[in-house]
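Participant:
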Amino acid sequence: MTGALEAEARKLATTRSALWLTLSVAVLALGLAAMTKDPLLGVANFGVPVLMILSALTVTGEYRTAMIRTTFLATPRRTGVLAAKALVTAGFSAVVAAAMTAGSILIAGSGEWCSVGALALYAAAGAVLAVAVGALLRHTAAAVAVLLLVPFVVEPMLSVSTDIGGTVGPLLPFVNAAAFTGASIFGFLHSFSMWWGPQGSALYFGGVALGIFAAAVVVVERRDP
């Protein structure tokens, strides 16, 4: 497992496009904090989604180049490979999100320091979810579409539905993520109350991420690379 973690960390550290994209979204988040005086807007709605995409790419990129076969040969236990990818990307995402949030708070002049931990937790759980989605779908375009359309299109549409919004809304993963981070550009659309507090929403989102990751492990173990 240690070898798999080192290998995944090395891959991530040597991927220039990932590092440049991370730097770019960090600049965007800090810029939005300066313009809007909202330290969470850029990190939650731009920073974390980009980190999720980068996490998914650690899986789909290897499927696209067939490098995944070499990875599985080097580490026959596929569960270990996915776990290593999830742990490395979760750690990376948490650190980057925490740094972006802290910088945004300083720039915006806001005292919401508790948001640093909340956004870091959101980013870490989101990375695990993204690795799982990448492993299940294997195609970059499909994974990116799911990771962007679900929080920014599907869930807002379900939230405003007068027929099912009140029943389904509190169970939507990214609605719960917004509830415990306190940051969402779609919060004004919600016409329902959450069934639990911020801590419950954090546990729910984390549980969804782990559940989908468990499903991905089962599928990857049974499926040809």
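Heads up: the sequence shown begins at 980 in this note's numbering, then just goes up one per residue.
Even glycine gets a Cβ: it sits at the ideal position worked out from N, Cα and C.
Once the 5 residues before and after Leu1000 are set aside, which same chain residues still bring their CB inside 7 Å of it?
Facilitator: Hits under 7 Å: Val1029, Leu1033.
Participant: Return no unless some Cβ of chain C is closer than 8 Å to the Cβ of Ala1005.
Facilitator: Here there is only one protein chain, and chain C is not present.
Participant: Would you give the residue range spanned by the alpha helix (DSSP H) that Met1079 belongs to?
Facilitator: Per DSSP, Met1079 belongs to the alpha helix (DSSP H) from 1057-1087.
Participant: What residue from Gln1178, Arg1117, Gly1148, Ala986 has the CA that sits closest to Thr1054's CA?
Facilitator: Ranking the options by Cα distance to Thr1054, first place goes to Ala986.
Participant: Can you list, in chain order, the residues of its chain with a C-beta nearer than 6 Å to that of Leu1137? Leave out the 5 residues immediately preceding and following it.
Facilitator: Same-chain partners within the cutoff: Val1147.
Participant: Between the beta-carbon of Leu1098 and the beta-carbon of Ala1111, is there less than 8 Å?
Facilitator: Against a cut-off of 8 Å, the Cβ pair of Ala1111 and Leu1098 comes out as no contact.
Participant: Which one of Val1027, Val1133, Ala1106, Leu1009 has the shortest CA to CA distance from Gly1210?
Facilitator: Given a span of 980 to 1204 for the chain in the structure shown, any question on residue 1210 remains unanswerable.
Participant: Can you list, in chain order, the residues of its chain whose CB lies under 6 Å from that of Ala1063, leaving out five sequence neighbours each side?
Facilitator: Ala983, Leu984, Glu987.
Participant: On the three-state DSSP scale, how would you describe Trp1174?
Facilitator: Here Trp1174 sits in coil by DSSP.
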